[in-house]
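A.B. asks: Structure provided below as structure tokens; questions to follow.
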Ligand SMILES: Cc1cc2nc3c(=O)[nH]c(=O)nc-3n(C[C@H](O)[C@H](O)[C@H](O)COP(=O)(O)O)c2cc1C
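Residue numbers (the numbering used here): 110 to 422.
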């Protein structure tokens, strides 16, 4: 892809109902991280242009509108466009929940077919759904029917057992024609282990879905990682996740490298101030602020909160 091609990542992406995502540089959803004070601190510092929620499980029934609104409101309150992610097994319930979330204010409804957690896989949801591409087609089609002109999307990995499954998955996606596809380049079985050919896998998917806006994910920790993904995989946008914990300014650094607004990379002091805000704006009792220590550790910063232990310990 040419430089001009990569600078398209700074352009808005129009959605079928007339809304738009402001850029194609999006924060990857992270359950347990992209919620609570993280949303406010990131938004107030201008680090994101949109939000992508972590998954909401739709299992025994379609949650009431009030419950869905309570879940979505912290994202909507940031004033940024919100991609709401749902996960489950029952296509009709997922479609009904999608409609409600759209009516409440999400601009894209995203179907999670990527989560590798053993609990989720055990319930045949998340990444397990990649084993049945026809189900993905049926469910996206049901969501499309329920949501009218709303944008719908799907988050996948490059296969359940093997990337050789990509052509079958892509064929189902061509039939269902979601408005966007998000893809993390590992397979479900690979969890988070290192792999050598992630960008080539994404490039294969690019060629299988030439007409669908494709967002890449996987090991995007630096500006160079993002540019390399753009050049090799020719994706239309990117969604870094863990790199944003390490460096909350990552999306701004990437935007600046592509000719967007200038941005000075965060210093150690900036990161410490970010952690203080994360802690104080959480409003949680100190002993429940372990996630802040988790973020500090990812940043490589020694940060203590007297009275609080890292929940990962
Ligand atoms: C703590 C954590 C929670 C995550 N939660 C979600 C989630 O709820 N939905 C989702 O689609 N992906 C989720 N992901 C996956 C990320 O969005 C991303 O696709 C993946 O981590 C690969 O990108 P990275 O290497 O930049 O982290 C999560 C990842 C992490 C590390």
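Note that beta-carbon positions come from the ideal geometry of N, C-alpha and C, so glycine has one too.
Remember, predicted model here, so these are calculated numbers, not experimental data.
Is it buried or exposed for residue 321, if we count other Cβ within 10 angstroms and need 16 for buried?
C.D. replies: Buried, by the Cβ-count rule.
A.B. asks: For the segment 355 to 372 against the segment 150 to 162, do three or more pairs of beta-carbon atoms, one drawn from each stretch, fall closer than 8 Å, so that the two count as touching?
C.D. replies: Yes, they touch.
A.B. asks: Nearest to residue 223 by CA position, among 292, 271, 307, is which residue?
C.D. replies: That would be 292, whose Cα lies nearest to the Cα of residue 223.
A.B. asks: Given the structure, does residue 267 come close to ligand 1, in the sense that its CB is under 8 Å from one of the ligand's heavy atoms?
C.D. replies: The answer is no for residue 267.
A.B. asks: In the structure shown, what three-state DSSP assignment does residue 193 receive?
C.D. replies: If DSSP states are grouped into helix, strand and coil, residue 193 belongs with the strands.
A.B. asks: Using the Cα positions of residue 342 and residue 310, report the straight-line distance between them to the nearest angstrom.
C.D. replies: If you take the alpha carbons of residue 342 and residue 310, they lie about 8 Å apart.
A.B. asks: Less than 9 Å between the beta carbons of residue 183 and residue 131, yes or no?
C.D. replies: No, they are not a contact pair.
A.B. asks: Here's a check: name, in chain order, each residue in its chain whose Cβ is nearer than 7 Å to the Cβ of residue 257, leaving out the five neighbours to either side.
C.D. replies: Once the five neighbours on either side are set aside, residue 257 has no close Cβ partner at all.
A.B. asks: Please return the same chain residues whose Cβ sits closer than 7 Å to the Cβ of residue 252, not counting the five positions on each side in sequence.
C.D. replies: 203, 204, 207, 218, 220, 261.
A.B. asks: Using C-beta distances below 6 Å, list every residue in its chain close to residue 297, excluding the 5 sequence neighbours before and after it, in chain order.
C.D. replies: Excluding sequence neighbours, residue 297 sits near 225, 236, 266, 269.
A.B. asks: If you follow the alpha helix (DSSP H) that residue 352 is part of, which residue opens it and which one closes it?
C.D. replies: Counting along the chain, the alpha helix (DSSP H) containing residue 352 begins and ends at 351 to 355.
A.B. asks: Going by CA-CA distance only, name the one from 307, 395, 134 that's closest to residue 160.
C.D. replies: It is 134 whose Cα lies nearest to the Cα of residue 160.
A.B. asks: Should residue 301 be labelled buried (16 or more other beta-carbon atoms within 10 Å of its own) or exposed?
C.D. replies: Counting Cβ neighbours within 10 Å, residue 301 comes out exposed, since fewer than 16 surround it.
A.B. asks: Can we count residue 361 as close to ligand 1, meaning its CB is less than 8 Å from some heavy atom?
C.D. replies: No, since every heavy atom of ligand 1 falls outside the 8 Å radius drawn around the Cβ of residue 361.
A.B. asks: Is the CB-CB distance between residue 173 and residue 196 below 9 Å?
C.D. replies: Contact flag unset, no.
A.B. asks: Just tell me which of 187, 139, 333, 146 has its CA closest to the CA of residue 367.
C.D. replies: It is 333 whose Cα lies nearest to the Cα of residue 367.
A.B. asks: When burial is assigned at 16 or more other CB atoms within 10 Å of the CB, is residue 395 buried or exposed?
C.D. replies: By the neighbour-count rule (16 or more Cβ atoms within 10 Å), residue 395 is not buried but exposed.
A.B. asks: Check residue 175 in the structure and name its three-state DSSP category.
C.D. replies: If DSSP states are grouped into helix, strand and coil, residue 175 belongs with the helices.
A.B. asks: Would you give the residue range spanned by the beta strand (DSSP E) that residue 163 belongs to?
C.D. replies: Counting along the chain, the beta strand (DSSP E) containing residue 163 begins and ends at 160 to 167.
A.B. asks: Measure the alpha-carbon distance for residue 391 versus residue 379 and round it to whole angstroms.
C.D. replies: About 18 Å.
A.B. asks: Which whole-angstrom value describes the C-beta separation of residue 214 and residue 181, a residue pair presumed to lie in contact below a C-beta threshold of 8 Å?
C.D. replies: Correct: roughly 7 Å between the Cβ atoms.
A.B. asks: What three-state label does DSSP hand residue 122 in the structure shown?
C.D. replies: In this structure, residue 122 counts as strand in the three-state DSSP scheme.
A.B. asks: DSSP three-state label for residue 142, please.
C.D. replies: Coil, per DSSP.
A.B. asks: Quick one: give me the first and last residue of the beta strand (DSSP E) that residue 291 is part of.
C.D. replies: Per DSSP, residue 291 belongs to the beta strand (DSSP E) from 289 to 293.
A.B. asks: So is the beta-carbon of residue 356 under 8 Å away from any non-hydrogen atom of ligand 1?
C.D. replies: No, the Cβ of residue 356 stays beyond 8 Å of every heavy atom of ligand 1.
A.B. asks: What does DSSP give as the partner residues of residue 262 in its beta bridges?
C.D. replies: In DSSP, residue 262 forms a bridge with 219, 289.
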